[in-house]
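Residue numbers for the sequence shown, in the UniProt record's numbering: 1 to 79. Note that beta-carbon positions come from the ideal geometry of N, C-alpha and C, so glycine has one too. For clarity, every value in this text was computed on a predicted model and none was experimentally measured. This report refers to the structure that appears directly beneath it.
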Amino acid sequence: MANYYEVLGVQKTASTDNIKKAFRQLALKVHPDKNPGNSEAAEKKFKEISKCYHQVIGPHLAEVVHRGLMLSRAVLYRT
């Protein structure tokens, strides 16, 4: 399998918003309903980019949540 970031067309330093935007653009482009003449290949590509998106976005979201929790704790325990 290719590099997840390369499949999505983003850099490893891309923001969560940029990753989502790239995924949505690709998903619309390769969706099987948009490619009825070649639906099997489109479905395969759609599944590939979906898998890559979920592999890439998971750690990004976890980091955002973690940073948010750390900030809220800093505010709560500030003296």
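Residue interval of the alpha helix (DSSP H) (run including residue 10): Within the sequence shown, numbered from 1, the residue matching residue 10 stands at position 10. Neither: residue 10 is in no alpha helix (DSSP H) and is coded neither H nor E.
Out of curiosity, what's the CA-to-CA distance linking residue 9 and residue 22? Translated into the one-based positions of the sequence shown, residue 9 becomes position 9. Translated into the one-based positions of the sequence shown, residue 22 becomes position 22. The C-alpha of residue 22 is placed about 7 Å away from the C-alpha of residue 9.
Whole angstroms are fine: how far does the CA of residue 26 sit from the CA of residue 15? Within the sequence shown, numbered from 1, the residue matching residue 15 stands at position 15. Within the sequence shown, numbered from 1, the residue matching residue 26 stands at position 26. Between residue 15 and residue 26, the C-alpha separation is close to 17 Å.
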